[in-house]
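Numbering (this note's numbering), first residue to last: 322 to 566.
Report on one structure; see the data block that follows.
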Amino acid sequence: MIGRRPAFPAVLLLAAACAHTPPVSTPAGFEILQSGGDDEAARQVARVLPGALERVGRWGTVAPPMVVRIQPSGEALAAAVGRPGETGLLGWARRGSVDIQSPRAWSRGRPTDEEFGALLAHELTHCLLFQRIGRAWAQRDVPGWFEEGMACFTAGERHPSADASALLPGPGTHPFDTELAYGTADRAFRYLLARHGDAAIRSLLDGLAAGRGFPAAFLEVTGTRVEDFEESLRAHLGTETAGTF
Ligand SMILES: [Zn+2]
């Protein structure tokens, strides 16, 4: 994708910490970058990063080197990830990096550590998935509901609504109603997890890492074709009431 990327001086967190704030160590192999004047955001990333990695660790280990770039605004983030105009983005994941909107720029107000940690856990879950897929991650055939549902679930997000019509059809899909789409993806992933358990998700990732496409890995692990699972999921979403999971 083509996007204007702001210049990032290599500002290391430890070098940016001032005398009044004890430096916070960063997990090995992680680098936190900011474009200047955002030391508090860098400290917040360092503070919440271990907890976020622990959540993602349920499925595997995010392999360093990793870079977390703090973008000063929604505009800067959208430009950096090649999606100009999508200024509502809070985070964006690639295989070896996460771009996030600075907490001081969030339109809903500065996030707590819990909220910010959830964002990082969400994006790092994507990183893990992309890393397991390997070099072909940009051409992945992972259903949108799996990709976003896995991230929403791992981050501990709660989305109130879900509807079968909002199942994300493909990777990188950008829905009109984000809240509904994420809620539906979250519910879909929970449904998969309830039926097959954690080990199946890890085996599925192993299948992707072994070079199998998502449909083949999914069938191997669950004994069900993706389209059959989605059909039963649609029926389930149509009948469930809030609080089923
Ligand atoms: Zn996501």
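Virtual Cβ for every residue (Gly too), placed ideally from N, Cα, C.
Quick one: what does DSSP say residue i is sitting in, helix, strand or coil?
{"i": "V542", "result": "helix"}
{"i": "L488", "result": "coil"}
{"i": "A457", "result": "helix"}
{"i": "D519", "result": "helix"}
{"i": "S553", "result": "helix"}
{"i": "R568", "result": "Only positions 322 to 566 of the chain appear in the structure, and residue 568 is not among them; the question remains open."}
{"i": "T571", "result": "Shown here, the chain extends from 322 to 566; a query on residue 571 therefore has no answer."}
Among residues of its own chain, excluding the 5 on either side of residue i, which ones have a beta-carbon nearer than 7 Å to its beta-carbon?
{"i": "R368", "result": "V345 and D434"}
Taking just the CA atoms, how far does residue j sit from residue i?
{"i": "P385", "j": "E444", "result": "15 Å"}
{"i": "H447", "j": "D360", "result": "26 Å"}
{"i": "F474", "j": "L370", "result": "17 Å"}
{"i": "V383", "j": "G412", "result": "17 Å"}
{"i": "E468", "j": "G358", "result": "34 Å"}
{"i": "E548", "j": "L558", "result": "15 Å"}
{"i": "A459", "j": "R431", "result": "32 Å"}
{"i": "G356", "j": "T560", "result": "The sequence given here has Ser at residue 356, not Gly. The alpha-carbon atoms of S356 and T560 are separated by roughly 49 Å."}
Note the first and the last residue of the continuous alpha helix (DSSP H) segment covering residue i.
{"i": "G470", "result": "G465 to A476"}
{"i": "G412", "result": "Run containing G412: none in the alpha helix (DSSP H); it sits in the beta strand (DSSP E), G412 to A414."}
Excluding five sequence neighbours on each side, which residues of the same chain lie with their C-beta closer than 6 Å to the C-beta of residue i?
{"i": "A414", "result": "E444, H447 and C448"}
{"i": "Q452", "result": "A384 and R416"}
At which residues does the beta strand (DSSP E) containing residue i begin and terminate?
{"i": "V383", "result": "Counting along the chain, V383 falls outside any beta strand (DSSP E), and DSSP gives it neither H nor E."}
{"i": "D420", "result": "S418 to Q422"}
{"i": "E361", "result": "E361 -> not in any beta strand (DSSP E); alpha helix (DSSP H) instead, spanning D360 to V377."}
{"i": "E352", "result": "F351 to Q355"}
For residue i, which residues of its own chain have a beta-carbon under 8 Å away from its beta-carbon, when the five flanking residues on both sides are left out?
{"i": "M471", "result": "W380, T446, L450, F510 and I522"}
Practice task
Taking 8 Å as the threshold, find out whether the segment 475–487 comes into contact with the segment 407–416 through three or more Cβ pairs.
Solution key: no
Practice task
Check whether the segment 502–517 touches the segment 538–555, taking contact to mean three or more Cβ pairs, one atom from each stretch, closer than 8 Å.
Solution key: yes
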